[in-house]
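For the sequence shown, position 63 matches number 63 in full-length UniProt numbering, and the numbering has no gaps at all. The C-beta atom is built at its ideal place from N, Cα and C for all residues, glycine as well. On a predicted model such as this, the values are computed, not experimentally measured, just so you know. In what follows, a single structure is set out as structure tokens and then discussed.
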Amino acid sequence: MTAGGNEDETVVSPAVDERGERLALVLDEYMSELESTGLPPDVERLAVEHPDLAEELRSYADSLQVLHQMTTGLRPESAQPQASAATGRAKRLGDYEIIREVGRGGMGVVYEARQLSLNRLVALKVLPFAAMLDERQIARFRTEAQAAAQLHHPNIVPVHAVGQERGVHYFAMQFIAGQSLEHAIDELRGYAMPADPTISYSRASAAVKVAERERDTAIDSAFSTRVSTHSRTYCHSVARLMLQAADAVDHAHQLGVIHRDVKPSNLLLDRSGKLWITDFGLARIQSDSGVTISGDIVGTIRYMSPEQAAGNSALVDARTDVYALGATLYELLTLRPAHVGSGRQEILRQIEAVEPASPRSLNPSVPFDLETITLRALAKARDERYPTARALAEDLRRFLNGEPTEARRPTPIDRAAKWALRHRKIVALAATFLVVLTCVSATSALMIAQGERRTKDALAASEANRLRAEEHYQQARQVVDRFGGIANELSRLPGAEPLRRTLLNDTLEYYRQFVARAAGDEQLAAEMAGAYHKAAVIAEAIGDRQDALEFCDRSLQLFAELTAKSPDDETLQARQANAYNSLGLLLGATGKSQKALEAYARAIQLQQTIADRRPGAAQPEQSLAETYSNLGLLQGQLGDKNAARKSLAAAIRLFKQLLEEEPDDVDLRHTLAIGYNNLSFVERGDDWNDSETSCRSAIALLDELVAENSSRLAFRSDLALCQNNLGSILGHREDWEAACESYRKAIELQRQLTRQAGAVVLYRRDLAVSLNNLAQAQQALGNLDAAIKSFADAEEIALQLADDYPHEITFHSFAGVVLNNRASALETSGKAAEAIAVYEAAIEHQRCAFDEAPQVIEYREFLSKHYFNYGRALRAAGRPADAAQVALQRRQLWPADGEHLGKVAVELAEAAGQIRAEGALSPENNGKHSLLAAEFEAAAAETLREAASQGCDVAALRTVSALGFLQDDPIWGKLNPPRPPVESSP
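Here it is as structure tokens:
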């Protein structure tokens, strides 16, 4: 066991018998006297006192003197012996001059030494005194040297030489200046002792040197203890390190060497950030199985695989090291071991029977794919782990490259099977009932396995079992319901959409199965109605609105039947009202506005009835306020601003009443602030003063919340958004100076948020939005240089987001918008060539979003504007033919939109006219220019015809000078037939 005696350190089988124990005691007395006096005791005297040990005493005494001479003065002062005659002697072991001790453990002591013949620093590992008494430890020491010596890999510490000097066994390795991952983890946890050039670490790894003067450069920036562990960068750095480790372990496996003791203290990190594997003291060379016998527990407990922990050496193979790599990866990601226990037996029990906590539950920044890789490596069943270290390395490489990984999260059936295997006795007793309650994985919703009719019959025979099953069912439903909330949170996380949709689909499938099973069961009718409602919400979230409407209708049918039977049941009425509220949202989103208004009216009627019955009750009033808020937003979208104001005012009034009862309820105050902000949006256009007043009310509330709750980042985020909205209002009123001031306040808050919570992508995006808006206000003031700088700052963030999340098309669209705006400012400032290049980048990003989601009208409109601006810049730069090609691309976006097609016709005509003008100035090329101009004029005429067929009033275009080439063409008569005379009013 290594120094310190911790329960998780290396465990070896008993070393010696009774005679060996007596020998150890005598030699311990010999060593104590040697250390205290500096003079070796009389060996012959000891031989006379212990005649049966005489031969061994004479043999070991010489070795002990060598060890004493080597180590005197090398340990910390607190461990130094009294001054002795040996102190001044050269500390030598054969060809090696000992400099300092850098680490020790049960398997050896490691010194920094200089090989005199080659004048190079080495790490010299020496078999400790206690191990000299155990032939098996000597064998293991030799095995380590043999195993390491045959391995030649850039991430394995190489062995230079092996030797024995006066009975002292040693081998020399490359010296690695750096530190172990164990110490790095300690630093990250925040309790590591500071390094000191004169003090060695009692648990340092085999070839480590850490000194204070090297501290700042000891670890490469790829994995620095100064980097937050709750960041994407940290997790990727960990993955890169473990990729190096897995590659090295695979190399050892290819040569038949199983390490059996992979752990953070045996993984070294040099000053360049390169990882090294060391300490093959417990390695097994598969061609030689003589050292370990069945029943030995070999390895470090916390990193042992289940088969190691059981002492089953016959099952130890490459997958054992894969498990240890997984345990190390887990600890690096979470800063805690996979299994935490108060003692050795508890840890062994956990290794065998307890699944480790999800890494993401301990560090939410861990990417889902990396968590899946970690948990697969840590699988308790060998067959469920990666079959080789190479397979683990390849999956880590896929993760780092942004490719799909081979590791997949277990399905509910997989989890249920694991549970059954670990609880065979319980399963055997429960088999009569044929009920399986499956567990939950992070990417699939909990499902309750459907039993056959005899399951119900069997459960009915036992009330205790029925109650237990009902309890489990309720727990299952709670977990499923919680998944809906998780899915909502995922909607705010870029890159999580595939996971979110999988989660929602699986949860929806659970609800489908539940309502199918519950059909006809009157006792479950209310639960079935609720399940239909939840299914509707989820179906809408994944874009299946038709199913969502059907689910919602079915839910309301069931609630209507239930409330008819129980008209005074307020709980049923409240759930029915919530379903109507959801129906209103669905109908409004699908354009069925009138029916949506009716659904909201029905919800409000029910909620108002409940509120009237229970005056002062918070929940009914809060639900009523939320429905009024939804109704107000829909009314505002329909242009009924007066009704919208009334509804939102009612919501705000209710929120205020609730606050009178609970004035310190910060969440209610927060909701009221959001209500004011929504009212501000409805008031825009009609009365900018009222809009500004409502927005400032929201800001006042949020200012107080931020001052009182500095740790609630969401409050600061919403305050920044309201400041941004205020800037927009002030900009519409052309108060650009005040708008800039509001935008700057928003930016200041958002910069704080990105510093404090840089992993929250939403904060970075909001900051970019505010910077973009500030730039537009600065441009309106004529501060072009400041505007271009602000646009550039926004662009940097937007492009980074698009690069970090290439599959998140909203970021590509946003990057396109910001690039377009900066290009416009550059064009205005006379930097045409730079503007053209930036327009091209804008189109590239916006095209990416549009190609992925052509049904999103916003992406089509943005791309169209980018094309228009790009074409204008090309014409201004004397490239009309290129501008005409851009116009043809813009035409493809609007095949059935007459208004846009009419504008494209004008753009084509303008380009054609410019080409003709250039030809007139260049007689030698006039023919070529004329042909090209005619081609684009024909395209303009054809586009104009299409515009007319799609409802464009082309009469308004007849006066456009660029279309002059068509003035005498009969096309105008075809496009604009004479209108019937308009009778004058009486």
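Tell whether a beta-carbon distance below 8 Å holds between residue i and residue j.
i: alanine 739; j: alanine 777; result: yes
i: isoleucine 258; j: threonine 320; result: yes
i: phenylalanine 811; j: alanine 802; result: yes
i: aspartate 722; j: asparagine 677; result: The question names aspartate, but residue 722 is cysteine in the sequence shown. Against a cut-off of 8 Å, the Cβ pair of asparagine 677 and cysteine 722 comes out as a contact.
i: valine 168; j: leucine 93; result: yes
i: serine 342; j: cysteine 235; result: no
i: alanine 909; j: glutamate 937; result: yes
i: leucine 556; j: leucine 583; result: yes
i: tyrosine 170; j: glycine 178; result: no
i: leucine 268; j: leucine 241; result: no
i: threonine 278; j: valine 122; result: no
i: glutamate 187; j: proline 264; result: no
i: leucine 888; j: alanine 939; result: yes
i: alanine 377; j: leucine 329; result: yes
i: threonine 405; j: leucine 362; result: no
i: leucine 726; j: glutamate 692; result: yes
i: leucine 181; j: histidine 251; result: no
i: leucine 648; j: valine 682; result: yes
Could you tell me if residue i is buried or exposed, where buried requires 16 or more neighbouring beta carbons within 10 angstroms of its beta carbon?
i: leucine 944; result: buried
i: serine 566; result: exposed
i: alanine 603; result: buried
i: asparagine 689; result: exposed
i: glycine 639; result: exposed
i: proline 356; result: buried
i: aspartate 261; result: buried
i: proline 615; result: exposed
i: leucine 931; result: exposed
i: leucine 966; result: buried
i: alanine 204; result: Residue placement at alanine 204 is poorly supported in this model, since its pLDDT is 30, which falls under 50; the coordinates still yield a value, given next. Under this definition alanine 204 is a buried residue.
i: threonine 627; result: buried
Looking only at its chain, what residues have a beta carbon closer than 8 Å to the beta carbon of residue i, apart from the 5 residues adjacent to it on each side?
i: glutamine 752; result: Arg716
i: arginine 744; result: Leu774
i: tyrosine 839; result: Leu819, Asn820, Ala823, His866, Asn869, Tyr870 and Ala873
i: phenylalanine 791; result: Leu771, Asn772, Ala775, Val818, Asn821, Arg822 and Ala825
i: leucine 658; result: Ala618, Glu621, Gln622, Ala625, Asp665 and Leu668
i: lysine 209; result: Bear in mind that a pLDDT of 30 at lysine 209, under 50, signals an unreliable position, so the number given afterwards is only what the model happens to contain. Excluding positions up to five away in sequence, the list reads Val102, Glu112, Phe175, Ile176, Ala177 and Gly178.
Going by beta carbon distance, what residues of the same chain come within less than 7 Å of residue i, once the five residues before and after it are set aside?
i: isoleucine 610; result: Glu570, Gln573, Ala574 and Pro620
i: aspartate 95; result: Gln115, Leu116 and Ser117
i: alanine 239; result: Leu370, Leu396, Phe399 and Leu400
i: isoleucine 797; result: Arg764, Leu767 and Ala768
i: glutamate 852; result: Ile809
Can you name the start and end residues of the beta strand (DSSP E) that residue i belongs to?
i: valine 366; result: Here valine 366 belongs to no beta strand (DSSP E), and DSSP marks it neither H nor E.
i: valine 168; result: 168 to 174
i: lysine 125; result: 120 to 126
i: isoleucine 277; result: 275 to 277
i: aspartate 270; result: 267 to 270
i: valine 109; result: 108 to 115
i: glutamine 150; result: Glutamine 150 -> no beta strand (DSSP E), and no H or E assigned at all.
i: histidine 160; result: 159 to 165
Looking only at its own chain, which residues have a Cβ that is under 6 Å from the Cβ of residue i, when we skip the five neighbours before and after it?
i: alanine 309; result: Leu348 and Ile351
i: arginine 890; result: Ser864, Tyr867 and Val904
i: alanine 720; result: Ala746, Leu749 and Gln750
i: valine 110; result: Val102, Gly103, Ala123, Lys125 and Ala206
Taking the alpha helix (DSSP H) that residue i falls in, what are its first and last residues?
i: glycine 636; result: 618 to 637
i: leucine 932; result: 926 to 949
**Prompt:** Is the stretch 758 to 767 in contact with the stretch 711 to 727, if contact means three or more CB pairs nearer than 8 Å?
**Reply:** Under the 8 Å Cβ criterion, the stretch 758 to 767 counts as touching the stretch 711 to 727, having at least three qualifying pairs.
**Message:** Does the stretch 240 to 256 come into contact with the stretch 386 to 405, if we say contact requires no fewer than three beta-carbon pairs (one atom in each stretch) closer than 8 Å?
**Reply:** Touching, yes, given that three or more Cβ pairs across the two stretches are closer than 8 Å.
**Asked** Per the contact definition of three or more C-beta pairs closer than 8 Å, is the stretch 859 to 868 in contact with the stretch 912 to 920?
**Response** Judged by Cβ distances under 8 Å, the stretch 912 to 920 makes no contact with the stretch 859 to 868, as fewer than three pairs qualify.
**Request:** Check whether the stretch 924 to 936 touches the stretch 900 to 907, taking contact to mean three or more Cβ pairs, one atom from each stretch, closer than 8 Å.
**Result:** no
**Prompt:** How about the stretch 693 to 701 and the stretch 668 to 683: do they share at least three Cβ pairs that are nearer than 8 Å?
**Reply:** yes
**Prompt:** Touching or not, the stretch 659 to 668 and the stretch 626 to 636, by the rule of three or more beta carbon pairs under 8 Å?
**Reply:** Flag = no, the stretch 659 to 668 and the stretch 626 to 636 do not touch.
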